[in-house]
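First the structure, in the form of structure tokens, and then the observations on it.
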Amino acid sequence: MNGLEKDDFELLSAFLDGEVTAIERQRVQQLLSTDEEIQRLYRRLLRLRQNFDSLPVPVPTQSSGELCQRVFAKVDRRRQQRFILGFGGAIAALAVGAFSLMRPSTQSLPLQIVQEPSPSNRPELLMIAVNRPVIEIPASMTEEISPSPLQTN
-14 MNGLEKDDFE LLSAFLDGEV TAIERQRVQQ LLSTDEEIQR LYRRLLRLRQ NFDSLPVPVP
46 TQSSGELCQR VFAKVDRRRQ QRFILGFGGA IAALAVGAFS LMRPSTQSLP LQIVQEPSPS
106 NRPELLMIAV NRPVIEIPAS MTEEISPSPL QTN
């Protein structure tokens, strides 16, 4: 704005909209009586407002009630379509499952019965002897290791 302050523009715009206090109204009237640039801006804004008010308002082709009914009808239709699609998918899955169960399988594997291994085939269990070691520990090694408080009786 050439030399025109932003606050003055906003004040003038609020004056045109009727949104100013009595003190602000007096300030705008004083500016309009003394400042030519404010006068030009006031005339431009007034002309713009009149042109805006004279614009034709489009007439709605349908009432709001009709529009509301059409929107809700479309929502209901989509809900029904989703239900039908889900139900149809479930029926198709059931049909595929039933068809695969009824169809004789040409690649059936022979059944194998699981048997418990015989005693001779059983693996040996690992036994750990705590008090009687399987390998003799030299006496020199046992003297170096002091017994823990848990081992003393």
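Going by the working numbering, the first residue of the sequence shown is number -14, and it counts up by one from there. Glycine included, C-beta positions come from ideal geometry on N, C-alpha and C. In this text, all values refer to a predicted model and were calculated from it rather than measured experimentally.
Apart from the five residues on each side of it in sequence, which residues of its chain come closer than 7 Å, Cβ to Cβ, to residue i?
{"i": "D20", "result": "none"}
{"i": "L1", "result": "L30, L31 and R34"}
Please decide whether residue i counts as near chain D, where near means a Cβ-Cβ distance under 8 Å.
{"i": "F0", "result": "You won't find chain D in this structure, because it holds only one protein chain."}
The alpha helix (DSSP H) that contains residue i, what's its start and end?
{"i": "R117", "result": "Per DSSP, R117 belongs to no alpha helix (DSSP H) and is neither H nor E."}
{"i": "G74", "result": "S49 to M87"}
{"i": "V13", "result": "A7 to T19"}
{"i": "E(-5)", "result": "K(-9) to D2"}
Which whole-angstrom value describes the C-beta separation of residue i and residue j, a residue pair presumed to lie in contact below a C-beta threshold of 8 Å?
{"i": "L31", "j": "V13", "result": "Not quite, the Cβ-Cβ distance comes to about 13 Å (not below 8 Å), so this is no contact."}
{"i": "Q24", "j": "L33", "result": "Between L33 and Q24 the Cβ distance is about 15 Å, and since that is not below 8 Å, they are no contact."}
Only counting the same chain, and skipping five residues up and downstream in sequence, which positions put a Cβ closer than 8 Å to that of residue i?
{"i": "T5", "result": "It is Val, not Thr, that sits at residue 5 in the sequence shown. Answer for V5: L(-4), A(-1) and V13, listed in chain order."}
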